[in-house]
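Engineer: Take a look at this one; I'll ask things after.
Here it is in structure tokens:
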């Protein structure tokens, strides 16, 4: 009898929390956004004030926010008694590429997410068909993102005519002939000390037989 009453009481509390205006949305906080306006996040979030917190589908809300092109992913949390907190993680530009409609920013996952001028220090990507489904784009980005920061900071352009013809042009005009994405970690380790030698073209496509011209 006592157990039954306890269960009934618990069900009653849950039902009350589900519908009560006391535990309803009164505030929505957005954190982590820099390039995405908070108003855009709130509009896409689409959680009305006064909605009981328990009725807020946080996973669906997070997916809605993640549909914003500049957002990589998002987390939506209930903060009792009356707050919804949205944490936004924005996409970061790894490269930019030029197209007839303007300069596109692309993240390390090969997602093109904005048409706007690139921030300082972001290298140019030159491939025939830049995009997520293009193996040449994907491999070029793998090469770039695998580089140690001191080498990556010197990159002005990464170009590829095919998956086996990746070339890196540094800010000072020197060129690294990278070849394919294979042995990229080893090539990265070779590249930095090799650049200490005089030359204009450094061929590290075969790590066992590098050449400098």
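Residue numbers (the numbering used here): 299 to 511. By construction, the Cβ of each residue, glycine as well, lies at the ideal position given by its N, Cα and C atoms.
To the nearest angstrom, how far is the alpha carbon of residue 309 from that of residue 438?
Structural biologist: In the chain shown, the residue the question calls residue 309 occupies position 11. In the chain shown, the residue the question calls residue 438 occupies position 140. Per-residue confidence for residue 309 stands at a pLDDT of 37, beneath the threshold of 50, marking its modelled position as unreliable; no derived number is given.
Engineer: Residues in the same chain with beta-carbon distance under 8 angstroms from residue 303, minus the five sequence neighbours each way, listed in chain order, please.
Structural biologist: If you number the chain shown from 1, residue 303 lands on position 5. In this predicted model, residue 303 has a pLDDT of only 36, less than 50, meaning its place in the structure is not dependable enough to derive any value.
Engineer: If you compare alpha carbons, which of 369, 430, 341 and 348 is closest to residue 332?
Structural biologist: Residue numbering aside, residue 332 sits at position 34 when the chain shown is read from its first letter. Residue 332 has its Cα closest to that of 369, out of 369, 430, 341 and 348.
Engineer: Just to confirm the assignment, what range does the beta strand (DSSP E) spanning residue 327 have?
Structural biologist: Taking the first residue of the chain shown as position 1, residue 327 is located at position 29. Residue 327 -> beta strand (DSSP E) spans 325 to 329.
Engineer: I need the DSSP call for residue 353, collapsed to helix, strand or coil.
Structural biologist: Translated into the one-based positions of the chain shown, residue 353 becomes position 55. Of the three classes helix, strand and coil, the one that applies to residue 353 here is helix, per DSSP.
Engineer: Can you name, in chain order, every residue of its own chain whose Cβ lies under 7 angstroms from the Cβ of residue 392, other than the five neighbours on each side?
Structural biologist: To locate residue 392, count along the chain shown from 1; it is residue 94. Result list for residue 392: 404, 405, 406, 439, 442 and 443, in chain order.
Engineer: Leaving out the 5 sequence neighbours to the left and right, which residues in its chain are closer than 6 angstroms to residue 482 when beta-carbon positions are compared?
Structural biologist: Residue mapping note: residue 482 aligns to position 184 of the chain shown, counting from 1. Counting only Cβ-Cβ distances below 6 angstroms, and skipping sequence neighbours, we find 441 and 444.
Engineer: Starting from the C-beta of residue 328, find all residues in its chain whose C-beta is less than 6 angstroms away, skip the five residues before and the five after it, and write them out in chain order.
Structural biologist: Mapped onto the chain shown, residue 328 falls at position 30. These residues qualify, in order along the chain: 336, 339 and 384.
Engineer: What number of angstroms, rounded off, separates the C-alpha of residue 375 from the C-alpha of residue 356?
Structural biologist: Sequence index remark: in the chain shown, residue 375 carries index 77 (1-based). Sequence index remark: in the chain shown, residue 356 carries index 58 (1-based). In a straight line, the C-alpha of residue 375 is about 6 angstroms away from that of residue 356.
Engineer: What residue range does the alpha helix (DSSP H) around residue 489 cover?
Structural biologist: Reading the chain shown from its first residue, position 191 is the one you call residue 489. From DSSP, the alpha helix (DSSP H) with residue 489 extends over 482 to 492.
Engineer: Taking the C-alpha atoms as reference points, what is the distance between residue 326 and residue 365?
Structural biologist: For this step, residue 326 is matched to residue 28 along the chain shown. For this step, residue 365 is matched to residue 67 along the chain shown. Here the alpha carbon of residue 326 sits roughly 19 angstroms from the alpha carbon of residue 365.
Engineer: Quick check on residue 424: does DSSP put it in helix, strand or coil?
Structural biologist: Numbered from 1 along the chain shown, position 126 holds the residue referred to as residue 424. DSSP places residue 424 in strand when its eight states are reduced to three.
Engineer: For the beta strand (DSSP E) containing residue 472, list its first residue and its last residue.
Structural biologist: On the chain shown, position 174 is the one that residue 472 refers to. Premise fails: residue 472 is in no beta strand (DSSP E) and is neither H nor E.
Engineer: Which stretch, first to last residue, makes up the beta strand (DSSP E) that contains residue 442?
Structural biologist: As a working mapping, residue 442 is identified with position 144 in the chain shown. It is not in any beta strand (DSSP E) - residue 442 instead sits in the alpha helix (DSSP H) that spans 433 to 444.
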